[in-house]
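Asker: A single structure is presented below for examination.
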């Protein structure tokens with residue numbers, strides 16, 4: 106497993122793409138939102154046990170937000186509303202939440218974190234992308250990924266939901282799944298249980314794509 110690409114964030118933290126050159130078909134992304142740290146733990150523990158995995162990993166896309174335990178990055182931007190979609194900039198928020206937590210930035214793909222993902226996908230062209238979020242306990246999908254979502258659901262016992270339940274303009278799923286037809290899974294994990302309890306089912310899910 107090598108560092109294939111790395112950048113520094115505004116606060117000097119490192120975002121890394123880990124993988125084995127020419128041996129991949131799936132990209133796993135953790136910690137898009139800094140207050141959802143489960144993805145970093147799960148991907149790093151998986152790599153400890155599977156150092157020769159043929160998956161691509163971004164264990165922590167938003168290290169600035171994670172260190173501050175905040176959803177957004179150090180510019181106050183929700184990375185998952187900053188992708189250059191056709192609907193970027195439209196109003197978005199979960200009912201009862203703070204609209205500032207869903208700020209899409211000054212322009213599409215304005216953020217270091219967003220540009221990193223866009224560059225990775227354009228260079229490596231993964232056939233499937235799995236992002237790890239919390240806390241809704243669902244398997245959400247965009248693009249041609251319903252069959253994959255059902256397989257994941259059978260492992261982790263979360264329901265499959267094609268919609269998160271509220272508008273998400275500028276989201277990664279819209280940009281990569283809806284507009285580029287890449288199968289995208291947004292796995293919303295249970296945040297109320299110890300993250301260690303998620304390792305077994307999530308490892309089985311990763312193993313689905315280790316072919």
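In the working numbering, the protein residues as written are 106 to 316.
All C-beta atoms in this analysis are idealised placements derived from N, C-alpha and C, irrespective of residue type, glycine included.
1) Would you call residue 113 buried or exposed, if buried means 16 or more other Cβ atoms sit within 10 Å of its Cβ?
2) Roughly how many angstroms lie between the CA atoms of residue 192 and residue 183, to the nearest whole one?
3) Note down, in chain order, each residue of its chain lying with its Cβ closer than 8 Å to the Cβ of residue 273, except the 5 sequence neighbours on either side.
4) Kindly identify the DSSP beta-bridge partner or partners of residue 246.
5) DSSP on residue 114, reduced to helix/strand/coil?
6) Put residue 108 into one of helix, strand or coil per three-state DSSP.
7) Measure the CB-CB distance between residue 336 and residue 161 and report whether it falls below 8 Å.
8) When you compare the CB positions of residue 254 and residue 290, do they come within less than 8 Å of one another, or not?
9) Beta strand (DSSP E) containing residue 64: first to last residue?
10) May I have the straight-line CA-CA distance separating residue 157 from residue 236, to the nearest angstrom?
11) Mind listing, in chain order, the continuous alpha helix (DSSP H) runs of no fewer than 4 residues lying wholly within the segment 122-206?
12) So is residue 178 buried or exposed if we call it buried at 16+ other beta carbons inside 10 Å?
13) Examine the Cβ distances between the segment 295-310 and the segment 135-143 and report whether three or more of them are shorter than 8 Å.
14) Thinking residue 250 and residue 282 are a contact (beta carbons under 8 Å), I'd like their distance in whole angstroms, please.
15) Return the CA-CA distance between residue 270 and residue 238, expressed in angstroms with no decimal places.
16) If you run the structure through DSSP and keep just helix, strand and coil, what is residue 301?
Answerer: Concretely, from the data shown:
1) Residue numbering aside, residue 113 sits at position 8 when the chain shown is read from its first letter. Exposed, by the Cβ-count rule.
2) Position 87 of the chain shown, counting from 1, holds the residue named residue 192. Position 78 of the chain shown, counting from 1, holds the residue named residue 183. Each residue's alpha carbon lies about 15 Å from the other.
3) By one-based count along the chain shown, residue 273 stands at place 168. Counting only Cβ-Cβ distances below 8 Å, and skipping sequence neighbours, we find 185, 186, 197 and 279.
4) Counting from 1 along the chain shown, the entry for residue 246 is found at position 141. The partner list for residue 246 (beta bridge, DSSP) reads 290.
5) By one-based count along the chain shown, residue 114 stands at place 9. Judged by DSSP in its simplified three-state form, residue 114 adopts coil rather than helix or strand.
6) Here residue 108 refers to the residue found at position 3 of the chain shown. Strand.
7) For residue 336 there is no data in the structure shown, the boundaries of the chain being 106 and 316.
8) By 1-based counting over the chain shown, the position of residue 254 is 149. By 1-based counting over the chain shown, the position of residue 290 is 185. Contact flag set, yes.
9) With the chain covering only 106 through 316, there is no way to say anything about residue 64.
10) The residue labelled residue 157 in the question sits at position 52 within the chain shown. The residue labelled residue 236 in the question sits at position 131 within the chain shown. If you draw a straight line from the Cα of residue 157 to the Cα of residue 236, it comes to about 21 Å.
11) 143-154 and 168-173
12) Against the chain shown, residue 178 aligns to sequence position 73. So residue 178 ends up on the buried side.
13) yes
14) Against the chain shown, residue 250 aligns to sequence position 145. Against the chain shown, residue 282 aligns to sequence position 177. Yes, residue 250 and residue 282 are in contact; Cβ-Cβ is about 7 Å, under 8 Å.
15) As a first step, residue 270 must be located in the chain shown, where it is residue number 165. As a first step, residue 238 must be located in the chain shown, where it is residue number 133. Distance between the alpha carbons of residue 270 and residue 238 is about 15 Å.
16) The sequence position of residue 301 within the chain shown is 196, counting from 1. Here residue 301 carries a helix assignment [DSSP, helix/strand/coil].
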